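Read top to bottom, the protein sequences are chains A and B. In this text, residue positions in the first sequence follow this note's numbering: the first is 1, and each later residue adds one. In this text, residue positions in the second sequence follow this note's numbering: the first is 1001, and each later residue adds one. Right, one structure below, let's go through it.
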Amino acid sequence: MKSITQSKPLEEIKQSLAKCRQIYLIGCGTCATMCRTGGKSEVLDMKQKLEAAGKKVTGWMVIPTACDVLTRDALKENASEVAAADCILVMTCAFGVQTVARYAEKSVYPALDTLFIGNEETPGEFIEACLQCGGCVLGQTAGICPLVRCAKSLLNGPCGGSVDGKCEVSPDTDCAWQMIYDRLAATGRLDELEEIEPAKDWSTSLSGGPRQITIEDTEEKTESQD
Amino acid sequence: MKAGTNLEKILAGGKFAVTVEAGPPKGTNPEVIQKKGDLLRQYCDAVNVTDNQTAIVRMSSLASCLLLKQMGVEPVMQVVTRDRNRIALQSDVLGAVAWGIGNILCLSGDHPKLGNHPQSKAVFDIDSVQLIQTLKKMRDDHKFINGDEISGEVPLFIGAVANPFADPFEIRVPRLAKKIKAGADFIQTQAVYDVNRFTQWMKIVTERGLDKEAHILAGIIPIRSAGMARYMRDNVSGVNIPDDIVTRMEKAEDAEAEGVEIALELIAKVKKIPGVHGIHIMAVGWEKKVPEIIERAGLLPRPVL
């Protein structure tokens, strides 16, 4: 699982930093480094751009995994440089931004947009893999998720806009149901196409505030591992 | 009878049905839809009202259908799952039935990215098959999706669409079968230009006996100009216009007359295909030509049942 990010336009970043003169920068050594949006070179590049725009950068760091609880320690280790800043510009995915905001007593601004949870299918090419809907249908759809791959999230087969294996929304997008069809055909499961998938229970998805889960025996397991 | 609408009576009576599409205005003037109703009332069995087609905001399908209903023209209300969740969809169905609208056509709808509000959030809480299933459950079991009881009758004649020209071809009949299994009573197809492919599709449909389970209306879009033919061939996904039709339009001295000729030829051809129980004309802004086409196709007078 990787959190795929894209840099916000510099103008938008400058606008959000309008009130701040002194800025501390944080990047991430995991997903944002892989996406080339928040690794060391991007952080240094941002430093240069902000300085060119008349800002002072009090310091910077690239936390190995910014969403981890160790971010708290990293902030403590760099406390004086962080304290000298008016705000922190975070060049990580939204997980990292939220973690920094939780542990730093400073205004925090994101430098990136978090796009999706996805895979790097070929180097430099990322594609959304999972909607995190809380009700997996991959068993019925030959391991291809129609909720993310189909523009309309159709659960019962392709719409009338599927042509030559492509989606009507964009010629660059493969039709999810063509892919599902091909894989069902290859595994002799075409008869399943006529089974009606009933209306989905979206209550496990984005409804009713943040989704939370508590794993009961976490402490015991941690202890036994020690 | 499931809903007892005129369209249902025509089809159940074995008559060859004619429906015509009427798009609502991008504004508030009721006369736009009323004029289309007046123009078409003697020429078809029901007027089919689109629901924000191509994801462009227009007067609502339900309100436009009411305007038709008030003037004694039978509507087919299109409902897409793009803009409303299951709560709103079921609520609109109750309202439509309360006003005597019995024909409802279920679609997923064109994606917002293709329309004039590409920034909008697409809903797609349920898909078209699930909407058909929902309407059937409302009608036959008097129950909402969640199983709660509905008070009162829900007489509905349920429609769905099919596109024999989209890919993969092999999935197109199974997909139709799925919609019929979900509860579709009648089917409108995408516009037919490639008669060979349509015939091939209908052959599989009739072999499986699906034409006995639901009434299939072949889609007809009259072409107005060579430019329109080229545009649809090159830019509208799932519409397949063979090159010889485009060439005919390009070479015609009177393109509009040629477009009418082509439509008449297509109607004559689809009418002969076993299992086709009617046509659905989508004139896309060229409604004034529809009476002439229907008359010259020999489909008048419309039966009164």
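Even for Gly, the Cβ is constructed at its ideal location relative to N, Cα and C. For clarity, every value in this text was computed on a predicted model and none was experimentally measured.
- With its beta carbon at least 9 Å from every one in chain A, K1121 of chain B lies outside the interface.
- Contact between the segment 1219 to 1236 of chain B and the segment 1252 to 1261 of chain B is established, with three or more Cβ pairs separated by less than 8 Å.
- Nearest to I117 of chain A by alpha-carbon distance, out of A:P123, A:K106, A:V100 and A:A94, is A:A94.
- Residues of the segment 1230 to 1257 of chain B with a Cβ closer than 8 Å to any Cβ of chain A, in chain order: S1237 and G1238.
- For P146 of chain A, the CB contacts under 8 Å within the same chain, skipping 5 residues up- and downstream, are V137, S153, L154, L155, A176, W177 and I180 in chain order.
- Rounded to the nearest whole angstrom, the C-alpha separation of G1219 of chain B and L1067 of chain B is 24 Å.
- The C-beta of W60 of chain A comes no closer than 9 Å to any C-beta of chain B.
- Check the Cα spacing between N78 of chain A and each of A:C67, A:V100 and A:T92: the tightest is with A:V100.
- The beta carbon of E1287 of chain B lies closer than 8 Å to those of V1020, A1022, K1036, L1039 and L1040 in the same chain, with the five residues before and after it left out.
- Boundaries of the beta strand (DSSP E) around K56 of chain A: K56 to I63.
- Under a 10 Å Cβ-count criterion, T30 of chain A is classified as buried, with 16 or more other Cβ atoms of the shown protein chains found around its own Cβ.
- If you draw a straight line from the Cα of I1158 of chain B to the Cα of V1260 of chain B, it comes to about 30 Å.
- K1009 of chain B and P1303 of chain B have their C-alpha atoms some 10 Å from each other.
- Only L154, L155, N156, G157, P158, C159, G160, G161, S162, V163, D164, G165, K166, C167, E168, V169 and S170 from the segment 154 to 170 of chain A bring a Cβ to less than 9 Å from some Cβ of chain B.
- Under the three-state reduction of DSSP output, M1077 of chain B falls in the strand class.
- F1016 of chain B sits in coil when the DSSP states are folded into three classes, being neither helix nor strand.
- Under the DSSP assignment, L1094 of chain B falls in the alpha helix (DSSP H) whose first and last residues are R1086 to A1098.
- One thing to note: T58 of chain A has its Cβ within 9 Å of the Cβ of V82 of chain A.
- When C-beta distances to chain B are compared with 7 Å, the residues of the segment 180 to 199 of chain A below that value are Y181, L193, E194, I196, P198 and A199, in chain order.
- Beyond the five residues adjoining it in sequence on each side, I1101 of chain B comes within less than 7 Å, by CB distance, of C1065, K1069, P1075 and M1077 in the same chain, given in chain order.
- Among the residues of chain A, those whose CB is under 7 Å from the CB of R1086 of chain B are A199, following chain order.
- Cβ-Cβ distances below 6 Å link N1240 of chain B to F1165 and D1194 in the same chain, with the five nearest sequence neighbours on each side left out; the list follows chain order.
- When B:R1058, B:Q1090, B:I1221 and B:A1268 are compared, the shortest CA-CA separation from V1154 of chain B is found for B:Q1090.
- Neighbours of H1280 of chain B in chain A, taken as residues at a C-beta separation under 9 Å, are lacking, since the least C-beta distance is about 14 Å.
- Unbroken beta strand (DSSP E) stretches of 3 residues or longer found wholly inside the segment 89 to 121 of chain A: 107 to 110, given in chain order.
- Under the Cβ criterion (8 Å, minimum of three pairs), the segment 1109 to 1116 of chain B counts as touching the segment 1049 to 1058 of chain B.
- At a cut-off of 9 Å between C-beta atoms, C93 of chain A does not count as an interface residue with respect to chain B.
- If you draw a straight line from the Cα of D1083 of chain B to the Cα of A1263 of chain B, it comes to about 33 Å.
- Interface with chain A (9 Å Cβ-Cβ cutoff): R1139 of chain B is excluded.
- Contact between G1183 of chain B and L1217 of chain B is absent: CB atoms are separated by about 17 Å, not below the 8 Å threshold.
- Of all residues in the segment 1094 to 1111 of chain B, those with a C-beta nearer than 7 Å to a C-beta of chain A are S1108 and H1111, reading in chain order.
- Linking P1174 of chain B to A1003 of chain B through their CA atoms gives a straight-line distance of about 26 Å.
- Taking CB atoms only, C87 of chain A has no neighbour in chain B less than 9 Å away.
- For N1048 of chain B, there is no enclosing alpha helix (DSSP H); the enclosing beta strand (DSSP E) has its first and last residue at A1046 to V1049.
- The beta carbons of C87 of chain A and C28 of chain A sit about 18 Å from each other, so the pair does not count as a contact at 8 Å.
- Closer than 8 Å at the C-beta level to chain B, one finds no residue of the segment 1 to 28 of chain A.
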